[in-house]
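For reference, the structure discussed in these notes is given below.
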Amino acid sequence: MKKIIKQRFIIILMILVSSKNIAQQITPIEKEKGSKETYVIAVEIAADFPGGKYKLIDFVSHNFKIPAKAVRNKVKGKIPLQFTIEKNGFLSDIKTLSNLGYGLEEETERVFKMSPQWIPAKVNGKPIKSKKIFIIYIDTSNKKKERLYFDKE
Numbered sequence: 026m027k028k029i030i031k032q033r034f035i036i037i038l039m040i041l042v043s044s045k046n047i048a049q050q051i052t053p054i055e056k057e058k059g060s061k062e063t064y065v066i067a068v069e070i071a072a073d074f075p076g077g078k079y080k081l082i083d084f085v086s087h088n089f090k091i092p093a094k095a096v097r098n099k100v101k102g103k104i105p106l107q108f109t110i111e112k113n114g115f116l117s118d119i120k121t122l123s124n125l126g127y128g129l130e131e132e133t134e135r136v137f138k139m140s141p142q143w144i145p146a147k148v149n150g151k152p153i154k155s156k157k158i159f160i161i162y163i164d165t166s167n168k169k170k171e172r173l174y175f176d177k178e
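Residues in the sequence shown are numbered from 26 upward in steps of one, following the working numbering.
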């Protein structure tokens, strides 16, 4: 019984850690004389893909083409992707944080560059620039069943 509870706790913890929002702070911080930058520690409304996480997963699943060299080399792993959601909902600074190789990072970035406009994060009802990390898991170790999978929190 304790083993089952421990396993469930670990699974829940992994799901919670796999996708996170990072934004800018409300309190102005002076950087140089006369210039202020603002950062937000917490947002009222986090940035989101139009239609929510399941629509994002659907978008990625339909547009991601697993490179043949990744299949040939039976690649298995995760591809964390960090990007900025601008105030207008467009994505910028799209970059992968892994190095699985075989064209997987380039394909991940390509798919997110095709992304439709997002719903930006908000503080005090106003859109703000924010960052997000999204993780794609890939498993090409079984030739009959190459697949992408995602956390569905």
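Backbone N, C-alpha and C fix where the C-beta goes; we use that ideal spot for every residue, glycine too.
From a predicted model like this one, the values you see are computed outputs, not experimental measurements.
What residue from the options has the CA that sits closest to residue i's CA?
i: residue 102; options: 146, 149, 127 and 78; result: 127
i: residue 161; options: 146, 124 and 167; result: 124
i: residue 158; options: 99, 118 and 95; result: 118
i: residue 151; options: 111, 90 and 80; result: 111
i: residue 144; options: 109, 122 and 167; result: 109
i: residue 135; options: 106, 73 and 99; result: 106
i: residue 88; options: 148, 138, 146 and 76; result: 138
i: residue 129; options: 73, 104, 80 and 83; result: 104
i: residue 72; options: 154, 163, 146 and 100; result: 146
i: residue 154; options: 113, 84, 131 and 141; result: 113
Should residue i go down as buried or exposed, given a rule of 16 or more other Cβ atoms within 10 Å for buried?
i: residue 70; result: exposed
i: residue 52; result: Confidence is the limiting factor: at residue 52 the pLDDT is only 42, short of 50, which leaves the residue's position unreliable, though a coordinate-based value still follows. It counts as exposed.
i: residue 93; result: exposed
i: residue 166; result: exposed
i: residue 115; result: exposed
i: residue 122; result: exposed
Would DSSP call residue i helix, strand or coil?
i: residue 165; result: coil
i: residue 129; result: helix
i: residue 160; result: strand
i: residue 154; result: coil
Residue range of the alpha helix (DSSP H) that residue i falls in?
i: residue 85; result: 78-88
i: residue 101; result: That residue, residue 101, is in no alpha helix (DSSP H); its beta strand (DSSP E) goes 101-110.
i: residue 71; result: Residue 71 -> no alpha helix (DSSP H), and no H or E assigned at all.
Could you spell out where the beta strand (DSSP E) holding residue i opens and where it closes?
i: residue 148; result: 146-148
i: residue 116; result: 116-121
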